[in-house]
Structures are given as structure tokens and as C-alpha cells.
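Note sheet for the following structure.
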Amino acid sequence: MYAEAFELTGMLGRISYAKSNLRQWMATQSVPTPFPVNLNMPVQSQLTPYPRGVALIISPWNLPITLTLTPLLEAIAAGNVCVLKMSEKCVHTTSLLTELLSSGKYLDQRVVKVVNGEAEEATELLRHRFDVVSYTGGEKVGRIVNEAAAKHLTPTLLELGGKNPVFVTKNADIACAAMRIAWGKVTGNAGQLCISPDYCLVEASVKEEFVEALCKAMDEFYPVSSYSGNNGDDGSRGDVGKMISVEHAERVVSMVDSTCNVIYGGKHHDTKERFVAPTIVEATADSTVMKDEIFGPILAIVTVPDLDSAIEYVQTNFSSKGKHPLNLYLFTKSKKEQQQIMNAIPSGTCAVNDVIKHSANYYVPFGGIGTSGLGAYYGKFGFDFFSHYRGSLIVKNHSTSKLDPAVWMLFPPYNDKKLFAFRSLSKLPLIFGPLKRIAPVAKVLLPVALGGLLFWAGIMVERLKYFG
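Basically our numbering = 1-based index in the sequence shown + 970.
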């Protein structure tokens, strides 16, 4: 169910949306032509999207269908040809997509070239010049990709990640917050998502109530009884998925050490089978679990006295170092608190009173800021990134006569009269600009005024006839 809900269904929606809107996205737009560019009237300015050229797309293993096909879809929609490098860690998905994309049945084989392999093949690809590069993955490799692309001055889209904070204030609906955080943390690919909630900042006054509700939700969604045996076709245990590798499972488990306090779970890990049980820990800024992105079903809770302290915690430990989260989550019914948090904490995206679902909305851009990413895509925003918008000026005035004001003013010899005329004309936008603000009112009042004028004129005509 996870693959269908999180990958296939959403991808079909993205494809349908792009197909329905592509003609509009590709259309040339007419844009205003300001003074003094518009002196040679008639003149027209246009904006037209053109393909960037050859796109290199490097996709990850954690959402191998969505995060491969989404940038591929948008790059092709923009008219580019693509070289695709998928992750070697998700062997079966990579093999299937390679077969489908290379068969010629669904795509022209000249449009997409799949290059499989490990780090060596990816490194070789990065030695070559591409017209645009898209990379989804970790910050460390993202820096390598960006550095390689910079040698060719190639525009780069980096969708990375980071430690996504969850603010739980005293004005939150605690039961709602606990249920949605538990679901987003574990059901979301067992925490192996760049949008996964990483740690919760909980006000002390509601901390006990929140922990109780969170543990209850964990027990309800992911009972320990479901951990034994392989209950899923993919070897998953209940609704808790597995880690991508033994090494990754060991890394996640090792983050829970003496620097934090386990308050839920932590006893049923099986790293040899790539299984990490849902775990909740109490942590501080010095805890190992707070040093790096967790990327697993372990949730850290940091207790803070109040909202201001929670904001200060993120600003001091992350924002001030450029470590902005890819996603910011907050649970509160107070609009004032919502605005306070969103104004204080920079992030790639944000969700209020929910988690991870916002990332499926292709009507808004998705991308990071600071160390969580560079650039954004999804839907029209992806089409825009993979396009070069070329501005064009089309002049239909071929006059060379000095009687033409534009010819007289623009070309030498220059004198005080031309300068005075130029300065006078340049002030017209400053005069007429404010008039645009009253245009909506004028559209209503002008017909009324004209109607009144005609009515008055009619009366005057009748009076003249009467008094003959």
C-alpha cells in the first residue's frame, strides 16, 4: 500500500497535471515595454521558454519512483533530453525503470539515456558538461555535485534535506499532533524521507500530555506484536518498513546512546535484517541524535520552557549556521504563533498542523534553502527550472526620419532640448503609475458618471424643447 499511496498515485496526478497545462506553460507571453524602450512604437516585448539542452538527473533510493520520474517529467516537458542516473541501492526499482524507460515503448530512446552504476559511474558523469543538473540526496554528495557543475557554470537543482523541526506549542491540539507526527515519522518510509519529522520542540506545560498521546499513537499504529516475522511481501514488519541497508540500520541505531533517554521502544531492533523499531528519545542540543539528520524511525523530543525558547533553540543551533530545514512543521491553533514561527525560522517548505502531505502538492514549489537545497521544482516550477526564458524585443517601426520623435531623441547629435524632452517623458510613468491603483474604482465609477451625464443631458434637451 505504501508504494501505491506515496509513489504511484501521486505520480499519475503529476503526469496528468503536466499534460493538461503544458500548452499554456510553453506559450509565448507578451510583457509590458517600459520607457524608453518603447519609443520606437509600435513595439512588442515577449517572453518565451526554451529548453536548456541536455539534463543530468541523479535520483535517490528512498522514493525511487517519484523522485526519479518527477524531475524527468518536468525536464522532458520543458523540451530537454536527459541522462538519468538512478540509485544502485534500490536494485529492483532501478532495474524495472531502466527496462521501461529504455524499451522505446513509452519514450523515444533518443530522449532518455539511462546510466547505471555506483559512485564511480556518477563521478565520471560529473566530469562532463551538461546544460542543467538535478540532484536529490544528501548534503555531502550535493556539495560534490554542485562543485562539479560549477566548473561548467551549469545551473543546478539540489534537493537535499536536514533536521526538520516540529513545534508543538501549548495551544496545539495534542491528540491531533501526536497522531499525525507518529504517522509521518514511521509510515513515511520508516523515517527515510527528506521531509520526515526529525525532532519535536515541545513546551514543558504540555510535554507529558504529548508524550503520552504520542506513545499511544505508536502502540495503535505499530504494535510490537507486528514486529515478529515478515508480514509484508517486501519483508516489512507490520506497517514499519525496513532500512535500505545493514549499514544504514546500524548508523541509525548508533545515534541512540547515553547522550539521550529512551522513553519509547528501542528494544526490538534487528540491524542484520535491516529493521529498526520505532523509538522515541528525550534529547538535548548535545545529544548524538541531534547532530545529524536521523533518516530512520527514531524521533527526538526536546523540552523547552516556551515558544520563544523553541525558536531560539533552532536559530542558535541551526539557522545561524545556515542549516535551514527542508521542512518546517508546527502544531498550534493560534494564528499569532503560526506567523511568529514562520517569520522566525527560514525553511524550504512549511506545514501547519500536519506533516509530509504538503510535499505532494505540485501546485506549489518544492525545494530547500541553505544546506537543505538549492532551487525548487514540481509542476510549473519544475518546467520553469528546466527552461531558459528568453526575452525578445520586436520593433515594427522602421523609420529613419528625424520627424519621428524617437529618431530625433535617441540619435546624435544631443542637446539640451533633447535632454529636456527625455527627462519629461521619463517622468510620465511616475505620474501615471499611481493612477493604476484607482483603476478598479474607476471602472465602477466611470459608467455611473457617464450614465449620470447622459441623464442630465437628456433632461436639458427636454427643457430646451419645452421652453423652445
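By construction, the Cβ of each residue, glycine as well, lies at the ideal position given by its N, Cα and C atoms.
Please read all numbers here as calculations on a predicted model, not as lab measurements.
For Y1348, does the three-state DSSP call read helix, strand or coil?
Within the sequence shown, residue 1348 is the residue found at index 378, counting from 1. The answer is coil: DSSP assigns Y1348 none of H, G, I, E or B.
May I ask you to list the residues that DSSP assigns as paired with N1231?
Position 261 of the sequence shown, counting from 1, holds the residue named residue 1231. According to DSSP, which records beta bridges pairwise, N1231 is partnered with E1252.
Flag this pair as yes or no: are the beta carbons of I1311 and L1298 separated by less than 9 angstroms?
Taking the sequence shown and counting its residues from 1, one reaches residue 1311 at position 341. Taking the sequence shown and counting its residues from 1, one reaches residue 1298 at position 328. In contact: I1311 and L1298 (Cβ atoms closer than 9 angstroms).
Let me know the secondary structure DSSP gives N1297 once reduced to three states.
Stepping through the sequence shown from its first residue, residue 1297 is reached at position 327. Of the three classes helix, strand and coil, the one that applies to N1297 here is strand, per DSSP.
Residues bridged to D1240 by DSSP?
Within the sequence shown, numbered from 1, the residue matching residue 1240 stands at position 270. According to DSSP, which records beta bridges pairwise, D1240 is partnered with F1245.
Can you give me the Cβ contacts of N1323 inside the same chain, cut-off strictly under 6 angstroms, excluding the 5 residues immediately before and after it?
Working through the sequence shown from its first residue, we reach residue 1323 at position 353. Excluding positions up to five away in sequence, the list reads F1301.
Cβ of L978 within 9 angstroms of Cβ of Q999?
Stepping through the sequence shown from its first residue, residue 978 is reached at position 8. Stepping through the sequence shown from its first residue, residue 999 is reached at position 29. Not in contact: L978 and Q999 (Cβ atoms no closer than 9 angstroms).
Output yes or no for whether 9 angstroms exceeds the beta carbon distance between S1342 and G1211.
Here residue 1342 refers to the residue found at position 372 of the sequence shown. Here residue 1211 refers to the residue found at position 241 of the sequence shown. Not in contact: S1342 and G1211 (Cβ atoms no closer than 9 angstroms).
Secondary structure at L1363, three-state DSSP: helix, strand or coil?
By 1-based counting over the sequence shown, the position of residue 1363 is 393. Strand, per DSSP.
Determine whether the beta carbon atoms of K1439 and A997 lie at a separation below 9 angstroms.
Residue coverage of the chain in this structure runs from 971 to 1438, which leaves residue 1439 outside it and unanswerable.
Consult DSSP for C1320 and reduce its assignment to one of helix, strand or coil.
Here residue 1320 refers to the residue found at position 350 when the sequence shown is read from its first residue. C1320 falls in the strand class under three-state DSSP.
Can you tell me the Cα-Cα spacing of V1138 and P1275, whole angstroms?
As a position in the sequence shown, residue 1138 is number 168, starting the count at 1. As a position in the sequence shown, residue 1275 is number 305, starting the count at 1. Cα to Cα, the separation comes out at about 12 angstroms.
Nearest-angstrom Cα distance between L1067 and D1262?
Within the sequence shown, the letter at position 97 stands for residue 1067. Within the sequence shown, the letter at position 292 stands for residue 1262. Distance between the alpha carbons of L1067 and D1262: 31 angstroms.
Do G1352 and L1344 have their C-beta atoms closer together than 9 angstroms?
One-based indexing of the sequence shown puts residue 1352 at position 382. One-based indexing of the sequence shown puts residue 1344 at position 374. No. Outside cutoff.
Report yes or no: do three or more beta-carbon pairs, one from the region 1058-1077 and one from the region 998-1013, lie closer than 8 angstroms?
no
Starting from K1388, trace the alpha helix (DSSP H) both ways and give me its first and last residue.
What you label residue 1388 is simply residue 418 of the sequence shown in a count that begins at 1. Start and end: 1386-1396.
Could you say which of L1184, L1043, T1286 lies nearest to I1144 if we only look at CA atoms?
Mapped onto the sequence shown, residue 1144 falls at position 174. Nearest C-alpha to I1144: L1184.
Taking the continuous beta strand (DSSP E) assigned at T1036, which residues delimit it?
Counting from one through the sequence shown, the residue named residue 1036 turns up at place 66. Here T1036 belongs to no beta strand (DSSP E); instead the alpha helix (DSSP H) covers 1036-1047.
Alpha carbon to alpha carbon, how far is T1126 from R1150?
Counting from 1 along the sequence shown, the entry for residue 1126 is found at position 156. Counting from 1 along the sequence shown, the entry for residue 1150 is found at position 180. Distance from the CA atom of T1126 to the CA atom of R1150, rounded to whole angstroms, is 34 angstroms.
Please report the distance separating the alpha-carbon of E1069 from that of Y1105.
Looking up residue 1069 in the sequence shown gives position 99. Looking up residue 1105 in the sequence shown gives position 135. Answer to the nearest angstrom: the Cα atoms are 22 angstroms apart.
Using 10 angstroms around the beta-carbon of P1417, count the other beta-carbons present and answer buried if the total reaches 16, otherwise exposed.
For the purposes of this step, residue 1417 is taken as residue 447 along the sequence shown, with counting starting at 1. Its Cβ having fewer than 16 others within 10 Å, P1417 is exposed.
Classify T1370: buried if its beta carbon has 16 or more other beta carbons within 10 angstroms, exposed otherwise.
Indexing the sequence shown from 1 puts residue 1370 at position 400. By the 10 Å Cβ count, T1370 comes out exposed.
Nearest to D1354 by alpha carbon, out of G1049, I1264, P1316?
Sequence index remark: in the sequence shown, residue 1354 carries index 384 (1-based). Looking at G1049, I1264, P1316, the one whose alpha-carbon comes closest to that of D1354 is G1049.
Restricting to Cα atoms, I'd like to know which of G1112, I1214, R1022, S1196 is closest to F1265.
The count along the sequence shown starts at 1 and reaches residue 1265 at position 295. Comparing Cα-Cα distances from F1265 to each of G1112, I1214, R1022, S1196, the minimum goes to I1214.
Just confirm the distance between the C-beta atoms of P1167 and N1141, as a whole number of angstroms; I'd bet it's less than 8 angstroms.
Sequence index remark: in the sequence shown, residue 1167 carries index 197 (1-based). Sequence index remark: in the sequence shown, residue 1141 carries index 171 (1-based). P1167 to N1141, Cβ: 19 angstroms. No contact.
Smallest Cα separation from L990: which of E1094, P1383, K1350?
By 1-based counting over the sequence shown, the position of residue 990 is 20. The residue you asked about is not Leu; residue 990 is Ser in the sequence shown. Among E1094, P1383, K1350, the Cα nearest to that of S990 belongs to K1350.
Can you tell which of P1034, L1033, A1025, N1032 has the C-alpha that lies nearest to the C-alpha of E1044?
On the sequence shown, position 74 is the one that residue 1044 refers to. Closest option to E1044, Cα to Cα, is A1025.
Using 10 angstroms around the beta-carbon of T1040, count the other beta-carbons present and answer buried if the total reaches 16, otherwise exposed.
If you number the sequence shown from 1, residue 1040 lands on position 70. Burial call: buried.
Which of the three DSSP states is assigned to Q1285 in this structure?
Locating residue 1285 in the sequence shown gives position 315, where the first residue counts as 1. Three-state DSSP puts Q1285 in a helix.
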